[in-house]
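Beneath this line is the structure, given in structure tokens, with notes to follow.
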Amino acid sequence: MNCLCRFCQKTMSQTLVDLGETPLANSYLSTNHAESMALEKRFPLRVMVCNSCWLAQTTETIPADSIFKQDYAYLSSYSSGWVAHAHRYADEMSKRFDLGPNSKVVEIASNDGYLLQHFVALNIPVLGVEPAGAAAALAERVGVPTRVMFFDETSAITLREEGITADLMVANNVLAHVPNIRSFVAGFKTLMNPNGVATFEFPHIASLMGSVQFDTIYHEHYSYLSLTFLKKLVSEIGMSIFDVEKLPTHGGSLRVFICHPNAHCKSSAVDNILAQEVAIELDKPAGYEGFTAKVNKVTFDFWTFLAKAKAHGKTVAGYGAAAKGNTFLNVAKVGSSDIDFVVDLNIQKQGKLLPGSHIPVISPKKLTELKPDYLVILPWNLADEIIEQQQGIREWGGQFVTAIPELRIR
Ligand SMILES: [Zn+2]
């Protein structure tokens, strides 16, 4: 199968992994709609790598009218760890780039103001840009002025014409979700002041492949990024990367700093991380080979665990109904006969069924009543936090299970 690269339009022929046909990872189903379950749409979930620009990317662009109308909102402020991460970011950036009452910080996909509120507290003017009206309304309530719009080069020109420019622009975990990544990054160039800085945070493809994080692949997540690719993109639009940091978030992320050419001194970290990517051959087809075999081992080992549990009459439940878990369960072809239920704190997901696997979602309060022998932690990146919180399962001899990067029972 050949497809054209979203970025450079060259023909791609290398498949990183083909995860089969799965439903959209956030399309939770209502239990009383048997019909909607029967009609549940599945789409191919395959990632290919462009051997010209090295952008790894999904091959399907899902039609907007197929994206399930979500009746719950994802709010960043739900995660205390993420809010603390945002607080540290505001403190660090305001000091490093000397931001004050005459500066402006613009965040793209600013959600409910979880990050910009920390700049507001430092008396630094901000503007959020957020396409979801409900999240934007919450941001306004915490004092974060927010424009409800999608961001690209055209909307950046609109803002610029209104006199808006930025000293710091932020895009956390949004780059991978944008189908037209070139127009998106070009919008930053349009809005940034001559000495302005933009930072992008995204999961690093080196971590994805190294730790077999195939469950972070889903349809709405179009791109899987290396610094090698980002350098090409940024230089093509006439900007520079001047620093990069490794972050532990989402299983291993990069924070990349960009500026207008020569506006800031380049850190040695940029060449160091590029050299690390060359060492694992992210600039060659060989660097992307062998991932499918690793994915197959993870799913095989999980199946073996489930079969043993069933043979011994043990019950298995899951913790955390998020996109990640849905990819994992669907790729591993696990259903409600294998995992009885999944618990999740989000009351809007409770009472629903997970897409594809149709496993019911219930409140974590039910754990003490149902006493599962095994609790599979689907968001493995939060395993330590969840194990700490759910120590109660030890009372009936319950054990925790994580499947990625390898099966672990503890
Ligand atoms: Zn390409």
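Position in the sequence shown (from 1) plus 6 gives the number in the numbering used here.
We put the beta carbon where it would ideally sit given N, CA and C, even for glycine.
Can you list, in chain order, the residues of its chain whose CB lies under 8 Å from that of R414, leaving out five sequence neighbours each side? Indexing the sequence shown from 1 puts residue 414 at position 408. Counting only Cβ-Cβ distances below 8 Å, and skipping sequence neighbours, we find V407 and T408.
With contact counted as at least three CB pairs below 8 Å, one residue from each stretch, are the segment 384-391 and the segment 314-334 in contact? yes
May I ask whether a heavy atom of ligand 1 can be found less than 8 Å away from the beta carbon of C59? As a working mapping, residue 59 is identified with position 53 in the sequence shown. At least one heavy atom of ligand 1 is nearer than 8 Å to the Cβ of C59, so yes.
Where H225 falls: helix, strand or coil (DSSP): Taking the sequence shown and counting its residues from 1, the one referred to as residue 225 is at position 219. H225 falls in the coil class under three-state DSSP.
Please determine, among Q20, Y34 and T64, the residue with the shortest C-alpha to C-alpha distance to T222. If you number the sequence shown from 1, residue 222 lands on position 216. Per the Cα distances, T64.
Proximity of L233 and P209 at Cβ, strictly below 9 Å: Residue numbering aside, residue 233 sits at position 227 when the sequence shown is read from its first letter. Residue numbering aside, residue 209 sits at position 203 when the sequence shown is read from its first letter. Their beta carbons are not under 9 Å apart, which means L233 does not touch P209 by this criterion.
Would you report the Cα separation of V367 and F297, rounded to the nearest angstrom? As a first step, residue 367 must be located in the sequence shown, where it is residue number 361. As a first step, residue 297 must be located in the sequence shown, where it is residue number 291. Cα to Cα, the separation comes out at about 31 Å.
Please list the terminal residues of the continuous alpha helix (DSSP H) segment that includes I279. Working through the sequence shown from its first residue, we reach residue 279 at position 273. Segment S274 to A285, the alpha helix (DSSP H) holding I279.
Determine whether the Cβ of A62 lies closer than 9 Å to any Cβ atom of chain D. In the structure shown, chain D cannot be found, because there is only a single protein chain.
Limits of the beta strand (DSSP E) - the one that S369 falls within: Position 363 of the sequence shown, counted from the first residue, corresponds to residue 369. Note, S369: premise wrong, no beta strand (DSSP E); not H, not E.
Cβ pair count under 8 Å reaching 3, the segment 179-192 against the segment 148-155: no
Who are the near neighbours of N8 in its chain, counting only those whose CB is closer than 8 Å to its CB and skipping five residues on each side? The count along the sequence shown starts at 1 and reaches residue 8 at position 2. If we look at N8 and ignore the five residues flanking it on each side, its Cβ neighbours are T17, M18 and S19.
Report all residues from its chain with a CB closer than 6 Å to the CB of D307; omit the five preceding and five following residues, and keep chain order. Indexing the sequence shown from 1 puts residue 307 at position 301. Closer than 6 Å at Cβ, skipping near neighbours: L413.
Excluding sequence positions up to five away, which residues of its chain have a Cβ less than 6 Å from the Cβ of G293? In the sequence shown, counting from the first residue as 1, residue 293 sits at position 287. I286 and E287, listed in sequence order.
Rounded straight-line distance, which links the Cα of D344 to that of V154: Numbered from its first residue, the sequence shown carries residue 154 at position 148. Numbered from its first residue, the sequence shown carries residue 344 at position 338. If you take the alpha carbons of V154 and D344, they lie about 42 Å apart.
Taking the alpha-carbon positions, what's the V349 to E98 distance? For this step, residue 349 is matched to residue 343 along the sequence shown. For this step, residue 98 is matched to residue 92 along the sequence shown. C-alpha separation (whole angstroms): 36 Å.
Please name the residue or residues paired with P209 in a DSSP beta bridge. Working through the sequence shown from its first residue, we reach residue 209 at position 203. In DSSP, P209 forms a bridge with S259.
Give the list of continuous beta strand (DSSP E) stretches no shorter than 3 residues that lie fully inside the segment 289-368. 322-325
Under the three-state DSSP convention, the category K238 falls into: The residue labelled residue 238 in the question sits at position 232 within the sequence shown. Note: K238 maps to helix in three-state DSSP.
For L335, which of I279, M54, K358 and H364 has the nearest alpha-carbon? One-based indexing of the sequence shown puts residue 335 at position 329. When each option's Cα is compared against that of L335, the closest is H364.
Nearest to M121 by alpha carbon, out of L174, T196, A313 and S217? For the purposes of this step, residue 121 is identified with residue 115 of the sequence shown, where counting begins at 1. The displayed chain sequence assigns Leu, not Met, to residue 121. Minimum Cα distance to L121 is reached at L174.
Would the beta-carbon of C9 be found less than 8 Å away from any heavy atom of ligand 1? Looking up residue 9 in the sequence shown gives position 3. No, the Cβ of C9 stays beyond 8 Å of every heavy atom of ligand 1.
Which same chain residues end up closer than 6 Å to L181 when comparing Cβ atoms and leaving out the 5 residues on each side of it in sequence? Looking up residue 181 in the sequence shown gives position 175. F206 and F208.
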